[in-house]
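This report refers to the structure that appears directly beneath it.
Dropping the structure here:
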């Protein structure tokens, strides 16, 4: 794989300056909402917010897990905010969003792992936005099928769960997660409802080889996943897992071609791609 060590020019993004960006920023602050765009330090926040697209993060902004790649805070979460689903739903209506992406922190401290808030939020979003389509970017819920069934049964158009990295690096990067469990969750969703589009994402630059990436892509397609996203890992802080290398844009395009030949219905692959990037296209 062609790689370089110094941060390349294609990673740089413009500072968000648009009117739409600042209006969405005010709305998120006013209603005390959480977005993965902010908590995860997404490099595409300017582009997406300018288009009025945001990924809302429910169940607070403190995660019970401590993944070494993630910029979201880890610790003891706050109490459930039962008003959160309606606040998110009304904000989506104000923004006139046609396709909503919802995600959440892991809430392993809760008996239902937060699934009740997930269901309540999707119901509220649909109530206030009857014509909307929804992507649910879910945790693995420890592989508990009874909990995953709740998400499947409410039928978001897309259900996504990120594998994040290759098998060899999973324990180092996703300390409490399991590579095979993530694949099993994705396959179970498709087997329970073939009409729901399934989606996953992986990060590059963590120390994986090209052979490992391709092997991971094969594992994902075997799990009946429709959509794959691949992007460059960027270290949120010095405390997080280090970037081992930066991947050339040409390599991302090569992997996209390989993915499409494998049978994925849609592949987003590029240095700044994140799991919710161009999400509105994935539902079609």
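Numbering (full-length UniProt numbering), first residue to last: 1 to 284. Glycine included, each C-beta is placed from N, C-alpha and C at the ideal position. Here the structure is a predicted model, which is why all the values come from computation and not from measurement.
Buried or exposed: which applies to residue i, given that a residue is buried once 16 or more other Cβ atoms fall within 10 Å of its Cβ?
i           : result
residue 39  : Residue confidence for residue 39 is low, a pLDDT of 49 falling below 50, so the modelled location carries little weight and cannot support an answer.
residue 227 : buried
residue 94  : exposed
residue 256 : buried
residue 194 : exposed
residue 11  : exposed
residue 284 : exposed
Output the boundary residues of the alpha helix (DSSP H) element that contains residue i.
i           : result
residue 57  : Where residue 57 is concerned, there is no enclosing alpha helix (DSSP H), although the beta strand (DSSP E) it sits in stretches over 55-58.
residue 287 : It is not possible to answer for residue 287, since the shown part of the chain is limited to 1 through 284.
residue 125 : 115-128
residue 91  : 84-95
residue 183 : 179-192
State the Cα-Cα distance for the pair residue i and residue j, rounded to the nearest angstrom.
i           : j           : result
residue 106 : residue 65  : 6 Å
residue 225 : residue 262 : 11 Å
residue 182 : residue 140 : 6 Å
residue 240 : residue 175 : 12 Å
residue 123 : residue 245 : 42 Å
residue 68  : residue 218 : 25 Å
residue 238 : residue 131 : 43 Å
residue 112 : residue 9   : 44 Å
residue 4   : residue 252 : Since pLDDT at residue 4 reaches only 49, below the 50 mark, its modelled position is unreliable, and the value read off the structure follows with that caveat. Cα to Cα, the separation comes out at about 14 Å.
residue 80  : residue 71  : 21 Å
residue 268 : residue 243 : 21 Å
residue 74  : residue 61  : 9 Å
residue 126 : residue 152 : 15 Å
Give me the Cβ distance between residue i and residue j, rounded to the nearest whole Å; I'm assuming they're in contact under 8 Å.
i           : j           : result
residue 160 : residue 121 : In fact, because the Cβ distance is near 16 Å, the residues do not count as touching under 8 Å.
residue 104 : residue 150 : Not quite, the Cβ-Cβ distance comes to about 13 Å (not below 8 Å), so this is no contact.
residue 276 : residue 169 : Incorrect: roughly 22 Å between the Cβ atoms, too far for contact.
residue 204 : residue 230 : 6 Å
residue 235 : residue 272 : Their Cβ separation, rounded to whole angstroms, is 15 Å, which puts residue 235 and residue 272 out of contact at 8 Å.
residue 109 : residue 77  : 6 Å
residue 202 : residue 165 : 6 Å
Need the endpoints of the beta strand (DSSP E) that residue i sits in, please.
i           : result
residue 199 : 197-204
residue 173 : Counting along the chain, residue 173 falls outside any beta strand (DSSP E), though it belongs to the alpha helix (DSSP H) covering 170-173.
residue 99  : 99-104
residue 269 : 266-269
residue 227 : 227-232
residue 209 : Run containing residue 209: none; DSSP gives neither H nor E here.
Excluding five sequence neighbours on each side, which residues of the same chain lie with their C-beta closer than 6 Å to the C-beta of residue i?
i           : result
residue 167 : 179
residue 266 : 227 and 282
residue 154 : 119 and 122
Apart from the five residues just before and just after residue i, which ones in its own chain have a Cβ nearer than 8 Å to its Cβ?
i           : result
residue 184 : 143 and 223
Excluding sequence positions up to five away, which residues of its chain have a Cβ less than 7 Å from the Cβ of residue i?
i           : result
residue 186 : 161, 198, 200, 223 and 225
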